[in-house]
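Comments concern the structure below.
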Amino acid sequence: MYVSGYGSDGVSVLRLWSAKAPSFDMNMFNKGDYASALAQNSIANAISKVLYPNDNHLEGKSLRLRQQYFLCAASIGDIVNTHMSVYGTLDNLHEKVAIHINDTHPTLAIPELMRILLDDCGYTWEKAWNIVINTFAYTNHTVMAEALEKWDVNLVKHVIPRIFSIIVEINNRYCQSLMERNGYDSAKTTRMSIIKDNQIHMATLCVAVSHSVNGVSKLHSEIIKDSVFHDEFCNTPEKFKNVTNGIAYRRWLYQSNPELTKLLTATIGDKFIKDGANLAALKDYENDEEFLTKLMAVKRSNKERFCKYVKNHSKITLDPDSIFDVQVKRLHEYKRQHLNVMNILADYNYLLNNPDADFTPKTYIFAAKAAPGYYLAKQIIKMIWAISEEIRKNPKISKKLSVVFLENYCVTLSEILMPASDISEQISLAGTEASGTGNMKLMLNGAVTLGTLDGANIEIKDAAGDDNIIIFGMTTPEVNELKARGYNPTNYYSSNGTIRSCIDRMYTGINGCTFNDVANSLKDRDPYMVLADFESYRQAQKYSTECYNDKMKWAKMSLNNIAGAGIFSADRAVTEYAENIWHLK
Ligand SMILES: *Cc1c(COP(=O)(O)O)cnc(C)c1O
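Right, here's the structure in full:
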């Protein structure tokens with residue numbers, strides 16, 4: 050697939066591979082072994098049929114391993130063939146080619162390139178190794194244990210035996226070098242080993258081999274040095290870097306928000322379309338009431354457009370004059386959609402007791418896909434749906450509080466929603482979200498972040514200014530301290546009446562459905578500390594409504610988010626990779 054750059058002559062090639070059986074085994078078929086002939090054919094076709102739907106969770110299935118090896122072998126083979134056709138040798142591969150391991154899923158590219166150099170080209174181990182370590186760089190995407198890929202030794206040995214033997218040799222030599230480096234500290238070597246407890250640790254393999262290792266936000270890049278790769282960092286500190294993520298900038302502004310693009314162009318010219326840094330010129334208009342009024346008119350128009358879309362697709366009527374409070378992202382406990390639900394339950398309970406209270410109308414918009422096997426995530430989706438339905442049955446409360454769960458969250462839906470958003474919910478437990486990119490899309494479209502000091506939210510705060518973001522909750526060090534002290538969610542349940550009433554509502558039923566497993570997980574374990582951050586979140590929610598009700602203040606906050614969003618362009622991120630890691634001119 051050809052991919053052209055905006056306003057440039059550059060065209061890149063994105064290769065997409067698909068697996069096919071080399072040929073149907075007619076011999077086997079003719080001998081009467083119909084089933085085996087067909088089975089071979091369908092196993093081959095199955096390799097590139099499905100994308101495993103997990104997010105931040107490992108999937109140790111044999112088909113997944115075959116997929117990973119298939120895609121790595123295809124791409125490495127293609128790179129090697131192209132290089133050979135130009136240079137006729139692989140001696141200079143590392144001088145001409147950079148291979149980037151984006152998360153651990155393509156880790157097998159490392160032993161696959163070793164295999165080609167050793168077995169197909171006859172290089173010595175030392176010479177092959179030198180080429181490989183100067184070719185590969187690695188980006189880490191998560192520190193959560195359940196997401197770090199580990200492959201069972203016996204599975205790898207069975208499916209890809211030669212690749213397995215190369216990984217074993219890499220590990221043996223790596224452990225030997227660690228022993229020499231660390232004064233024969235065998236406990237440390239065992240801790241840092243690529244293979245341990247009968248499992249191959251893919252992130253460890255990537256760090257051992259790559260000449261560069263980076264996280265995807267400033268906070269995350271510090272966390273990997275302090276935690277998962279601390280020992281590796283102490284050995285080779287010069288390897289560790291940061292490249293904060295970016296987004297497809299023109300898709301999320303120029304293409305998906307034409308009205309805002311038009312207003313910006315009329316105000317600051319069109320240089321910002323090519324270079325996001327030029328959005329900063331908008332800052333001159335932060336006290337210009339005429340401009341701020343126009344900016345809010347664009348938002349209002351995008352909200353109407355979104356309301357029409359929702360009406361057409363789910364027959365639900367939304368109020369474009371209400372605050373659009375948006376949490377759209379994969380469903381995962383660490384992202385804490387249930388913290389958002391807890392606050393909605395508290396508001397709903399308040400309105401049930403005070404139906405005539407003064408209340409700024411608010412629409413909570415959710416969208417999320419859950420991995421099919423993630424039971425609690427699906428329960429949380431059902432709970433959002435249930436509260437949405439129950440509130441809709443109460444016409445009086447519905448005028449003030451409304452909840453909608455949009456099905457099939459995808460980029461296409463996102464492109465309509467981002468321009469219509471007022472509040473961007475980025476409420477993960479501090480230290481769990483590596484970067485986030487939804488936070489950047491929403492900021493660029495003028496939404497104000499309501500979030501924790503996690504991932505790129507910290508850099509969004511720096512870019513937008515402290516007054517133009519609403520921060521709540523524990524910091525990463527505070528989370529670690531509370532964990533070390535011993536976190537007991539039951540104490541919060543017992544001592545905080547609002548928390549208790551929200552959790553009890555899950556037990557007694559919402560729209561006739563009970564959510565005992567969600568309630569128990571919060572009350573008994575609460576691994577992502579929802580209850581510990583609840584009061585602070587509720588205060589931040591109240592404050593966001595106060596800000597919104599001061600129209601010019603809100604418009605100014607929105608403007609400062611747009612003005613500061615330029616650094617979150619992927620143009621900037623890719624430039625950093627090119628200069629600091631791939632060493633491209
Ligand atoms: C941007 C985006 C994401 C990532 O969102 P986060 O809030 O960073 O988790 C997920 N899904 C879709 C469809 C997106 O557009």
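Add 49 to a position in the sequence shown, counting from 1, and you land on the number used in the working numbering.
Every residue gets a Cβ at the ideal spot worked out from N, C-alpha and C, and that includes glycine.
Item: Proximity to GLU584 [Cα-Cα], best of ASN565, ILE393, PHE408, ILE507; Value: ILE393
Item: C-alpha distance - ASN327 paired with GLY615, whole-angstrom precision; Value: 7 angstroms
Item: Closer than 6 angstroms: GLY487 CB and nearest ligand 1 heavy atom; Value: yes
Item: SER305 Cβ short of 6 angstroms to ligand 1 heavy atom set; Value: no
Item: CA-to-CA distance, SER477 to GLN590, given in whole angstroms; Value: 15 angstroms
Item: Unbroken beta strand (DSSP E) run spanning LYS290, endpoints; Value: 289-291
Item: Where GLU508 falls, given that 16 or more other Cβ within 10 Å makes a residue buried; Value: buried
Item: Stretch-stretch touch, CB-based, cutoff 8 angstroms, three pairs: the stretch 270-289 with the stretch 297-312; Value: no
Item: Minimum C-alpha distance to PRO468 - residue among ASN457, TYR397, SER607, SER570; Value: SER607
Item: Chain C within 7 angstroms of ALA346, Cβ atoms only; Value: Protein chain content of the structure displayed is limited to a single chain, and chain C is not contained in it.
Item: Status (buried if at least 16 other CB within 10 Å, exposed otherwise) for ASN389; Value: buried
Item: Proximity test, SER477 beta-carbon vs ligand 1 heavy atom, cut-off 6 angstroms; Value: no
Item: Pick from THR293, SER544, GLY495, ALA417 that is closest to THR188, judged by C-alpha positions; Value: THR293
Item: Alpha helix (DSSP H) runs contained entirely in the stretch 279-332, provided each spans 4 or more residues; Value: 279-284, 307-317, 320-323
Item: ASN610 vs ASN517 beta-carbon contact at 7 angstroms; Value: yes
Item: Helix, strand or coil at ILE559 [DSSP, three-state]; Value: strand
Item: First through last residue of the beta strand (DSSP E) which encompasses TRP631; Value: Element bounds for TRP631: n/a, residue is neither H nor E.
Item: Through-space distance from PRO102 to TYR458, alpha-carbon basis; Value: 13 angstroms
Item: Span of the alpha helix (DSSP H) around LEU162; Value: 158-164
Item: heavy atom of ligand 1 below 6 angstroms from SER463 C-beta; Value: yes
Item: Pick from GLY495, SER550, LEU491 that is closest to LYS343, judged by C-alpha positions; Value: GLY495
Item: Cβ-heavy atom distance, VAL49 to ligand 1, below 6 angstroms; Value: As shown, the chain starts at 50 and ends at 634. That puts residue 49 outside it, with no answer to give.
Item: LYS431 to LEU302 span [Cα, whole Å]; Value: 32 angstroms
Item: Sequence ranges, alpha helix (DSSP H) only - wholly within the stretch 77-164, length at least 4; Value: 83-95, 111-136, 142-145, 158-164
Item: Expected contact under 8 angstroms - CB spacing of ALA417 and ARG379 to nearest Å; Value: 6 angstroms
Item: Heavy atom of ligand 1 within 6 angstroms of LYS237 beta-carbon; Value: no
Item: Contact check, ALA619 vs ALA297, beta carbons under 7 angstroms; Value: yes
Item: Of the listed residues PRO71, PHE355, ASP573, LEU367, nearest to THR461 (C-alpha basis); Value: PHE355
Item: Per-residue DSSP class, three states only, for ILE216; Value: helix
Item: Proximal residues to ASN291 (C-beta, below 7 angstroms), its chain only, five neighbours per side dropped; Value: ASN263, GLY264, LYS267, SER270
Item: Cβ-Cβ distance between THR481 and TYR626 below 7 angstroms; Value: no
Item: Range of the contiguous alpha helix (DSSP H) that encloses ASP566; Value: 565-569
Item: Rounded C-alpha distance that separates VAL135 from VAL129; Value: 10 angstroms
Item: Any non-hydrogen atom of ligand 1 within 6 angstroms of LYS199 CB; Value: no
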